[in-house]
Each structure stands twice: as structure tokens, then as C-alpha cells.
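Number of protein chains: 2
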Amino acid sequence: MIIDCHGHYTTAPAAHTAWRERQLAGDAPTYPTISDDEIRESVQGQLRLMDERGIDLTIFSPRASAMAHHLGDARTSADWTRVCNDLVHRVVTLYPDRFAGVGQLPQSPGVPVERSIPELRRCVEELGFIGCNLNPDPSGGHWTAPALTDPTWYPCYEAMIELDVPAMVHVSASANRAFHATGAHYLNADTTAFMQLLQGDLFADLPGLRLVIPHGGGAVPYHWGRYRGLADMLDRPDPARHVLANVSFDTCVYHQPGMDLLFDVIPADAILFGSEALGAVRGLDDRTGHHFDDTRRYVDAVPLSEDDRAKVYEHNARRVYPRLTVRPSRP
Amino acid sequence: MIIDCHGHYTTAPAAHTAWRERQLAGDAPTYPTISDDEIRESVQGQLRLMDERGIDLTIFSPRASAMAHHLGDARTSADWTRVCNDLVHRVVTLYPDRFAGVGQLPQSPGVPVERSIPELRRCVEELGFIGCNLNPDPSGGHWTAPALTDPTWYPCYEAMIELDVPAMVHVSASANRAFHATGAHYLNADTTAFMQLLQGDLFADLPGLRLVIPHGGGAVPYHWGRYRGLADMLDRPDPARHVLANVSFDTCVYHQPGMDLLFDVIPADAILFGSEALGAVRGLDDRTGHHFDDTRRYVDAVPLSEDDRAKVYEHNARRVYPRLTVRPSRP
Chain A
1 MIIDCHGHYT TAPAAHTAWR ERQLAGDAPT YPTISDDEIR ESVQGQLRLM
51 DERGIDLTIF SPRASAMAHH LGDARTSADW TRVCNDLVHR VVTLYPDRFA
101 GVGQLPQSPG VPVERSIPEL RRCVEELGFI GCNLNPDPSG GHWTAPALTD
151 PTWYPCYEAM IELDVPAMVH VSASANRAFH ATGAHYLNAD TTAFMQLLQG
201 DLFADLPGLR LVIPHGGGAV PYHWGRYRGL ADMLDRPDPA RHVLANVSFD
251 TCVYHQPGMD LLFDVIPADA ILFGSEALGA VRGLDDRTGH HFDDTRRYVD
301 AVPLSEDDRA KVYEHNARRV YPRLTVRPSR P
Chain B
332 MIIDCHGHYT TAPAAHTAWR ERQLAGDAPT YPTISDDEIR ESVQGQLRLM
382 DERGIDLTIF SPRASAMAHH LGDARTSADW TRVCNDLVHR VVTLYPDRFA
432 GVGQLPQSPG VPVERSIPEL RRCVEELGFI GCNLNPDPSG GHWTAPALTD
482 PTWYPCYEAM IELDVPAMVH VSASANRAFH ATGAHYLNAD TTAFMQLLQG
532 DLFADLPGLR LVIPHGGGAV PYHWGRYRGL ADMLDRPDPA RHVLANVSFD
582 TCVYHQPGMD LLFDVIPADA ILFGSEALGA VRGLDDRTGH HFDDTRRYVD
632 AVPLSEDDRA KVYEHNARRV YPRLTVRPSR P
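Going down the list, the protein sequences come from chains A and B.
All residue numbers for the first sequence refer to the working numbering, where the first residue is 1 and numbers rise by one.
All residue numbers for the second sequence refer to the working numbering, where the first residue is 332 and numbers rise by one.
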């Protein structure tokens, strides 16, 4: 079985997106009626791609760039988050064998993250979701939040552990003109989060916490020697033990040399198959004739033992997201 | 000949650093007398390392993390920059066959960058320097400056072109608690700068401009497929032509798999040998028994044609820094 740990609902019906625009414009719109057929139609492209690529199941969350926790206030974010998660729940309900839900959280800059816990509980306990996306920078590129190792994040982590769900550490759109979202902000966030975890001792405090750093771990595998050296200078343990026991990287790396490097330096136990399709990079690579984000081709081309391949495609995801296995296949 | 394009004077005499501390404390201290012997003594470790590694010449600039353009005001920054550049000039004067000077610029957040031009001219015309370091984020991790493609940077670029010197795009310390300097801010800046250049069309306006993005290009080579795909989506040319005709990456990548990837995806014409020794990562890698930052070992182990190897070790540096060749070997 092949599980893609990283898909966002980037093709949500236009009425959903229009509601958000009216919300941000200051209206108090009634959420539109969206039929099951519209939902089905909206994911046909995603399903076709999954079929073509042999992906059985996608761990599916609201569009990351649209979370935009920096817009409006805590109420804006809470209302938007709820309708986004409900819409993903409808997709999962219609296609329970093809999608498992992951929720966004109603974060806002400066608002204590524990206010996100009720929505996290609702996602897991009522909607049957198996994880959440946690934004390390709700300010959208101004990086005003404390490091992920700061105790202010702990209440949210403790709820995740209690619910037995992981978080993917994933920023949203950039409100900082210096950072292109998918070309800089996303990768910078991955790199920043990893370094925060390397510097701290979060998993000694919370050994049951599991995090996923997307986009192949940002710059980290390419600079793995730098991180090993910095850990040594900072008197921290080897990051392969200190961080990767609780943190996984996905395989959202869109060319073969990058994928080869990822598997060369990061233990297979800490890698989850992911593509972020339909996501940031949708075109065809004219060198290969295939989509840049068809990451299965690159992973298939990496020489791996059958055991490691099965871990990366399925078993690691089941370990990191245990509710994937226990959830009813037909809710 | 082997030229290391990326060395900072991280071992400057204590009196120099003490002067900075007093300056930041609000004193108006007289700059201390530092003898030639003290200068010589301060670079013995650097010279020994260069000898051990077979590095003939290091392109040498003030300590990057100490530029700290965000501290004090424009006057603070100007005064500090001048004494830092003068000190590098003394090193170069004492060891003209081993070091070539590169200057920091007196930038400050919100201050027009053209105010840096007189110091740039002084560095090149009076001190014989061959390039400068340009901080794309003088705010120290708050990223308040416009993108490098913004016309506000052009006066500085035009002066660089007139003087025939390149800039290394290099941030300084992080004043943002989210970012560890050498483990996040540096690499994020490299990634951010590259994406700004990919999005824009700077080199169509200024074809004579040459930039160096350090630390192996941040996350860029590892995610080269992402950048090729984003360029396609944004209707920009292939970044190998569009950006790398004017931009080089250095080889500050501290393990073999990362170095192999760099050379696998980036044309040798766009790679300059560099180590950043003595820099961020000084320890011994217990897997190899050698220093993490002994990048010559990794480059030597990459299968390259003799022609490409000579480009990376010497000829590219002479092309990007033409004043390296014309400068008097004994000032």
C-alpha cells in the first residue's frame, strides 16, 4: 500500500473560496451550500493523479497557503478553520478509502496556541482526523512566535499526545514581501523548525510527541554535515538520535538528485512518502516528461531494501499517524 | 592554484571586539592600537589551516555575524564598518599572497543602500579590495528590506559594476529569536535571495552585475527541481540561464553527499570553491576524522574534469572577482 502523507485540498469548490473573500472583506456571510457532487467533482483531478501514480491513500488537509493565520483576528481564523476542516471531512466521508483527514488549527499571531485545542479535539474526536498542521509562524513571515521548543507550545503538544496524533509543521502564505511562499518561506520554515528542535530538548520533555517536517526537511539533508557539526558545537546529541527519533521528513523533493541525497543521509525510519500534489509545483519537467511533483518515480528509483521501501510508503505513516490504522474504513 | 572565496576574519584581536562592545554601550571610544605582531598572531591559525588544506589564497572579509547592521544607527554601522575593513586591510597588507580583501558595507535598516557606496569605493580604490558583502536583510532576521531585485538596490549595484567587483549576499547575526544564525538564518537568506532573483529580472537590467550566494546556495540545489518547476509556473526562464549566468554558489557544504549533489545539479561554471573557515562549524567529524569545514576534501572527491576542477578552484573566482588578478601582489 502507498500512502501520501502530504496532500492539501487545493481544488476546493469556488463557493468555499468566495466565502473566505467575503469574510476577509468584513461581511458575515452564511456559508454556502455545497453539494456532494460538487465535492466529488472537485477531487476528480486529485483521484486521477493518485490512480496514475499508484497512490492508494492521501493524508489530506486544508490548503496550506490559504490558512493565512495572519489575516483578521482570532475569530476570523477560528471560523475559517472550522469550515475548512468541515470541507475536508466531507471529502474523507465521500472517499474514506482514498483520503484520511488532517486539520488546520485556528492559530493567530500573539494568541496562545492552547486556544487551538478545542478545534484539534473536534477534528480528531468528531471528524475522525488523524493529525493536524501546526504553523510555527502564524504571523506569515514575520516570525514573531517563540521557538517550537518554548513551553507556550506544550499545551497543544500535550493534547496531540493524548489524542495520539502528530503535527506536520507547515507555514502558510507569506505576508512578508521578502519571501516567496513556496520558493522561500516554506523551505525556510522547515529549516528553521529543525534547527529549533536541534537546539532544544523538546522530546526529552515530551517523548510521545511526533512531528513531520515537510518539503524534504527544507535545507537540512543537503546541509546534514553542518547540522551534525553545529550539534557538536552546541553540545547537543547527534541530530539523528536527538531529533529524528520524533521527527520525520516527507519526500516532497522534486528531482532525482535531491531524492537520492535525502535517502543517502536520512534514515529510512524518518522518511514518509509525500508529494504535496496538487500543490506548489504542478508542471511537467521537460527533462523527464513527468510532473515535477510525481515523487513516486524518484522514490522508486532510489535503491532501497524492500523493507525500507515499505516503511517509507506505508509503515512509517502508520506509526506516525496511528489513527490511520484504527479509523473505521467507512465512517 | 586554489582560491577559497569565503573566509571571514573571525579571529580578530580582542581589542577590536572590545572596542565594538564599548561602541554599542554608547561610549565614543578611541580605536585601540593594535600592533602588526598582534595581527600576524591572530591569523596564524587561519594560515596553518590553509597550508594543511592546500589553499593558496583566501578572499577575506570581516566577520559576517559581527556586522550586525541592526544594532545602533547608521553612524554606529558606518564607524564599525570602517574599522572592520581597515583591520582586514592590515591582514591583506601583511600577507598579500595569502589574502585578498572584501569589505562589509555600512548598511542599516531603512537607510538607503546608496549611502554605502562611499565605503565601497574606499574599500576598492583605497584599500585594494576585490568585492563586498551585501546584507539582504540589515534588520537581522525581520526581513524589512525590499527584495534584491527592487530598484532601491540599483545604485549600489551600479557602483559595483563600475568598480568591477561582485557582492557576496551574506546576512549577519539574527536578532529574531526564531532563527539560529548559522543553522537557519544564513541558509534561509541564501534560499530567499535566490528566489527573489528567480522571480525578478535583475540581470536583464544589469548584465554586468555578479553576485555570490554562499553556503552552497542554501536549500536551492537540493530543491533544484522545485525551482525549475516554479520558474516554469511563474513564466520565468530556466534558472540555470536566468540566474546562474550572474550568480555563483560557493562550496560551503559540510559533507560529501551534499557536495556531490551540488556538483550534480549546478553547472561547474557557477561554483566557487569556499570553506568559510574559520567559521560556523569548526569541529571534527567523527565519521571522517577531518574538520566538517575542510571542504577541499569533498570537492577533491567529486569526479570532475581537470578543466572543471580548475574552474571551481581558481578560474571562476578570477572571473567573478577580476580585481583578484590585477591587484598588485605586494601593495
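In this text, a Cβ means the ideal position worked out from N, Cα and C, and glycines have one as well.
No experiment lies behind these values; they were computed from the predicted model shown.
Residues near residue i in its chain [Cβ-Cβ closer than 6 Å; skip 5 each side]
{"i": "Arg661/B", "result": "Below a pLDDT of 50, predicted positions are generally treated as unreliable, and Arg661/B, at 46, falls in that range; the measurement from the model is reported next regardless. If we look at Arg661/B and ignore the five residues flanking it on each side, its Cβ neighbours are Pro427."}
{"i": "Thr251/A", "result": "Phe273, Gly274, Thr295, Val299"}
{"i": "Ala648/B", "result": "Ile334, Cys336, Leu603"}
{"i": "Val111/A", "result": "Ala74"}
{"i": "Asp285/A", "result": "Phe292"}
{"i": "Phe430/B", "result": "Thr389, Phe391, Val422, Val423"}
{"i": "Asp387/B", "result": "Met332, Ile333"}
{"i": "Glu645/B", "result": "Met332, Ile334"}
Host alpha helix (DSSP H) of residue i (start-end)
{"i": "Asn577/B", "result": "Careful: Asn577/B lies outside any alpha helix (DSSP H) and carries neither H nor E."}
{"i": "Tyr9/A", "result": "Unbroken run through Tyr9/A is the beta strand (DSSP E), 3-9; no alpha helix (DSSP H)."}
{"i": "Asn85/A", "result": "74-94"}
{"i": "Ser392/B", "result": "Unbroken run through Ser392/B is the beta strand (DSSP E), 388-393; no alpha helix (DSSP H)."}
{"i": "Ala193/A", "result": "186-199"}
{"i": "Leu533/B", "result": "533-536"}
{"i": "Ile39/A", "result": "36-42"}
{"i": "Phe594/B", "result": "587-596"}
{"i": "Val657/B", "result": "654-657"}
{"i": "Asn316/A", "result": "316-320"}
{"i": "Val354/B", "result": "Sequence inspection shows Gln at residue 354/B; the Val mentioned does not correspond to that position. Element bounds for Gln354/B: 345-355."}
{"i": "Tyr227/A", "result": "224-233"}
{"i": "Arg309/A", "result": "306-310"}
{"i": "Met609/B", "result": "Sequence inspection shows Leu at residue 609/B; the Met mentioned does not correspond to that position. Neither: Leu609/B is in no alpha helix (DSSP H) and is coded neither H nor E."}
{"i": "Arg121/A", "result": "117-121"}
{"i": "Leu163/A", "result": "154-163"}
8 Å Cβ cutoff, residue i in contact with chain E
{"i": "Ala506/B", "result": "This model lacks chain E altogether, as its protein chains are A and B."}
Close Cβ partners of residue i (< 7 Å) along its chain, the five nearest in sequence each way excluded
{"i": "Ile544/B", "result": "Val500, Asp521, Ala524, Phe525, Val578, Phe580"}
{"i": "Leu211/A", "result": "Pro166, Ala167, Val169, Asn246, Val247"}
{"i": "Pro373/A", "result": "Since the displayed chain A opens at 1 and closes at 331, residue 373/A lies outside it and no answer follows."}
{"i": "Pro653/B", "result": "Asp495"}
{"i": "Tyr362/B", "result": "Trp350, Val414"}
{"i": "Met67/A", "result": "Gln104, Asn135, Ser172"}
{"i": "Pro589/B", "result": "Here the sequence assigns Gly to residue 589/B, which means Pro is not the residue at that position. So the list reads Gly547, once near-sequence residues are dropped."}
Residues near residue i by beta carbon distance below 8 Å, same chain, minus five either side
{"i": "Gly54/A", "result": "Ile2, Arg296"}
{"i": "His511/B", "result": "Ser505"}
{"i": "Leu529/B", "result": "Tyr558, Leu561, Ala562, Leu565, Arg567, Pro570, His573, Val574"}
{"i": "Pro267/A", "result": "Ala240, Leu244"}
{"i": "Gly283/A", "result": "His291, Phe292"}
{"i": "Arg650/B", "result": "none"}
Endpoints, beta strand (DSSP E) assigned at residue i
{"i": "Gln104/A", "result": "99-104"}
{"i": "Ala498/B", "result": "498-500"}
{"i": "Asn464/B", "result": "462-465"}
{"i": "Val212/A", "result": "211-213"}
One or two residues paired with residue i in a DSSP bridge
{"i": "Leu615/B", "result": "His622/B"}
{"i": "Ile271/A", "result": "Phe249/A"}
Cβ-Cβ separation, residue j to residue i (assumed contact under 8 Å), whole Å
{"i": "Ala15/A", "j": "Ile39/A", "result": "Ala15/A to Ile39/A, Cβ: 11 Å. No contact."}
{"i": "Ala476/B", "j": "Ala78/A", "result": "Ala476/B to Ala78/A, Cβ: 34 Å. No contact."}
{"i": "Thr81/A", "j": "Pro106/A", "result": "4 Å"}
{"i": "Tyr222/A", "j": "Val584/B", "result": "7 Å"}
{"i": "Leu593/B", "j": "Gly549/B", "result": "Incorrect: roughly 11 Å between the Cβ atoms, too far for contact."}
{"i": "Thr348/B", "j": "Ser373/B", "result": "In fact, because the Cβ distance is near 11 Å, the residues do not count as touching under 8 Å."}
{"i": "Gly200/A", "j": "Ala147/A", "result": "7 Å"}
{"i": "Val281/A", "j": "Trp224/A", "result": "The pair is not a contact, with the Cβ atoms about 23 Å apart (cut-off 8 Å)."}
{"i": "Gly101/A", "j": "Leu71/A", "result": "At roughly 23 Å, the Cβ-Cβ gap does not stay under 8 Å, so Gly101/A and Leu71/A are not in contact."}
Inset, instruction - Would you list, in chain order, the members of the region 222-236 of chain A that have their beta-carbon closer than 8 Å to a beta-carbon of chain B? - result: Tyr222, His223, Trp224, Gly225, Arg226, Tyr227, Arg228, Gly229, Leu230, Asp232, Met233
Inset, instruction - May I ask you to list, following chain order, the residues of the region 489-522 of chain B that have a beta carbon less than 7 Å from some beta carbon of chain A? - result: Asn507, Arg508, Ala509, Phe510, His511, Thr513, Gly514, Ala515, Leu518, Asn519, Thr522
Legend entry - Interface residues of the region 264-287 of chain A facing chain B [CB-CB below 9 Å]: Asp264, Val265, Ala280, Val281, Arg282, Gly283, Leu284, Asp285, Asp286, Arg287
Legend entry - Against chain A: residues of the region 454-474 of chain B by CB proximity under 9 Å: Pro467, Asp468, Gly472, His473, Trp474
Inset, instruction - Scan the region 529-544 of chain B for residues whose Cβ lies nearer than 8 Å to a Cβ of chain A and list them as they occur along the chain. - result: Leu529, Gln530
Inset, instruction - Anything in the region 400-428 of chain B with a Cβ closer than 9 Å to a Cβ of chain A? List those residues in chain order, please. - result: none
Legend entry - Under 7 Å (Cβ pairs) to chain B, residues found in the region 238-253 of chain A: Val253
Inset, instruction - Mind checking the region 333-360 of chain B against chain A and listing, in chain order, the residues whose C-beta falls within less than 8 Å of any C-beta there? - result: none
Legend entry - Selection of the region 619-636 of chain B by Cβ proximity to chain A, strictly under 7 Å: Phe623
Legend entry - Contacting positions in the region 48-62 of chain A - beta carbon closer than 8 Å to chain B: none
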